[in-house]
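Here's the structure, in structure tokens; my notes come after.
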Amino acid sequence: MEAQQTLNGHQVRSERSTRLLLRAAGELVAEGGYQSMTLATVGERAGYSRSLATARFGSKAKLLEALVEEIVVRWDVEKVEPELHDLTGLDALRVMLTEIKNSYEKSPRSLSTLYALVFEAVGPVPDLRDRFVAFHKNQRARVATYIRNGLEDGSIRAGIDPEQQAAMIVAQLRGVGYLWKLDPDSIDSGAVLATFIDQVVRNLAAVSEPADSDATADRFEA
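Using our numbering, the first residue of the sequence shown is number 182, and each one after it goes up by one.
Next up, the structure:
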């Protein structure tokens, strides 16, 4: 029993230190970019030794992978996926876009880190570029899947090209993110994205929906 308690205590401390290291890494990326962030400064910012991040992650590339996973995958699993069961393709797309809109208010720190990495990925750092090429391919593929599902279940009008629409939607999201990251006070991201979501839904919907009868969107605004 004592050995088990010791093991559990060690696991709790390890999980806590990992969370703090990832938070520190996110802060450093948001402040100075990925290239200026080092494993040593991550450990120091988190309140641990300069070597802990190296011991925990092994390399800067592995830390990047864990950081993106923390921001994107956990958000996806915990906030989005449980809400998508039994929805039409159009409603599933609406939920995804609404959660992205809500993240500007609910998770601005994580979003700021994500966009700092996204825009730095156009530079000469292979780790970043490869990771975010894959990230955007996956996001476009997911949006395209919702659109194909909507074409099959009749919630999205015929004649829509899923891949083309997915590329347009992701590009619009990145444009809002760029303006918000560059000068947060110059743009009301929530209002802009709400309008964008409404336009996307109206453009794709098999039957035009009145602006004040969007029950599914209201459900996820709370």
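For each residue, glycine too, the CB sits at the ideal point set by N, CA and C.
Check, Outcome
"Just verifying my parser: in three-state terms, what is the DSSP assignment at A386?", "strand"
"Just to confirm, is the Cβ distance from A221 to R237 under 8 Å?", "no"
"When the distance is taken between beta carbons, is I252 closer than 8 Å to T294?", "yes"
"Drop a sphere of 10 angstroms on the beta-carbon of P365, count the other beta-carbons inside from all chains shown, and report buried for 16 or more, exposed for fewer.", "exposed"
"In this structure, how does DSSP classify I281 when only helix, strand and coil are distinguished?", "helix"
"Go ahead and label Q320 buried or exposed: buried means 16 or more other beta carbons lie within 10 angstroms of its beta carbon, across all protein chains shown.", "buried"
"Touch check for the segment 336-356 and the segment 378-387: three-plus C-beta pairs under 8 Å?", "yes"
"Mind reading off the beta-carbon distance from G239 to G331? Whole number of angstroms is fine, and I expect it under 8 Å.", "Their Cβ separation, rounded to whole angstroms, is 42 Å, which puts G239 and G331 out of contact at 8 Å."
"Determine the direct distance from the alpha carbon of Q345 to that of V357, and round the result to whole angstroms.", "19 Å"
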